[in-house]
């Protein structure tokens, strides 16, 4: 008996989505994206559903991202990239991210564990984002020849320039204290109380954001500070990452290389796709004064170019398939990624552009 990759239940007017691939850290497949889209549409129209909750199965991961290994395998088997799948996977995923941000009912994300990439897209655009001490956030896409997508570029674009660029380019991991400080989550609830919170939401069946807040507030507490990266390093990060070119950021990291923390960040940067670094920085700077809707349309243009002319499939091969960790980036240094190449990733796709309806 095949287990369902995603489980939908409704209980006392609360729609519950459970990402159910714990052995794969609940990574999102295309069929999961399609099913979540479909269920959210029907729940939004259904008067007997008051709110929606999303969670991950198991206690390690909420969702570690889109299943890009599976995507790559299927696209290559089909003679791509690009193929219909490489177009529709991201089209439907970004449509889902936008739907969550605009959802007409409270949308409660319980991100108790790894929350990265595609997992950020199906949780952090919701009205209520509840993290625990197990939560680990990252947008690690530059390591696989991509960029922070699923509206993650928009979330990071709203932050301080330096912090946003650091999270975007390095793919740095942060935990609950820093997530709360950056307002990327709305609440902190320790993992031992998450199940009780969930049961309380189901028994109360709240139908407004305020009612949801009142329930979560009963269980929320202050996250520990020892997991914080920002407490000690915030000013340094801002100093190094507030520039608008990758070259300047590299130079500043080099200049401050005596600092152990920055030396580690700089080492990380050197392993990323040079093309991804440049397009990600441009994306996040543009995102700071865009709506989520426009930013997702921009991301869709970028992702289609990453599939066609970028380093995406090579990055997935090196980091996740063969795991040799020796990607053959083209070009393989930042000096060779010129403005002309960067601009290609932002050109509109004409009739193939992402269309988002409010």
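Numbering (this note's numbering), first residue to last: 11 to 368.
Cβ atoms here follow ideal geometry from the backbone N, Cα and C, with glycine treated the same way.
Alpha carbon of residue i to alpha carbon of residue j, nearest angstrom
i           : j           : result
residue 286 : residue 320 : 8 Å
residue 312 : residue 213 : 43 Å
residue 334 : residue 53  : 44 Å
residue 221 : residue 137 : 12 Å
residue 57  : residue 168 : 34 Å
residue 127 : residue 270 : 27 Å
residue 328 : residue 159 : 20 Å
residue 39  : residue 108 : 18 Å
residue 345 : residue 288 : 10 Å
residue 302 : residue 164 : 6 Å
residue 66  : residue 204 : 12 Å
residue 332 : residue 83  : 12 Å
residue 290 : residue 261 : 18 Å
residue 322 : residue 30  : 26 Å
residue 365 : residue 242 : 42 Å
residue 230 : residue 142 : 9 Å
residue 134 : residue 348 : 33 Å
residue 28  : residue 315 : 32 Å
residue 116 : residue 13  : 28 Å
residue 353 : residue 190 : 34 Å
residue 292 : residue 298 : 10 Å
Three-way DSSP call (helix, strand, coil) for residue i in this model
i           : result
residue 198 : strand
residue 319 : coil
residue 117 : strand
residue 170 : coil
residue 299 : coil
residue 184 : strand
residue 20  : strand
residue 312 : helix
residue 55  : helix
residue 124 : strand
residue 64  : strand
residue 41  : helix
residue 135 : coil
residue 329 : helix
residue 140 : strand
residue 26  : strand
residue 76  : strand
residue 356 : coil
residue 96  : helix
residue 157 : coil
Whole-number beta carbon distance between residue j and residue i, since they are thought to touch under 8 Å
i           : j           : result
residue 112 : residue 368 : 6 Å
residue 23  : residue 215 : 4 Å
residue 47  : residue 102 : 6 Å
residue 259 : residue 166 : That pair is no contact at about 15 Å.
residue 239 : residue 184 : 6 Å
Burial state of residue i (16 or more Cβ within 10 Å)
i           : result
residue 309 : buried
residue 281 : exposed
residue 96  : buried
residue 265 : exposed
residue 59  : buried
residue 235 : exposed
residue 125 : buried
residue 187 : buried
residue 98  : exposed
residue 146 : buried
residue 228 : exposed
residue 358 : exposed
residue 218 : exposed
residue 77  : buried
C-beta contact flag for residue i and residue j at 8 Å
i           : j           : result
residue 211 : residue 118 : yes
residue 370 : residue 148 : Lying before the first or after the last residue shown, residue 370 is absent from the chain, which here runs from 11 to 368.
residue 361 : residue 307 : no
residue 267 : residue 196 : no
residue 32  : residue 68  : yes
residue 370 : residue 192 : The requested residue 370 is not part of the displayed model; the chain covers only 11 to 368.
residue 129 : residue 73  : yes
residue 263 : residue 279 : yes
residue 55  : residue 15  : no
residue 35  : residue 71  : yes
residue 144 : residue 201 : yes
Near the ligand SAM: residue i beta-carbon under 7 Å from a heavy atom
i           : result
residue 259 : No copy of the ligand SAM occurs in the structure displayed, which carries no ligand at all.
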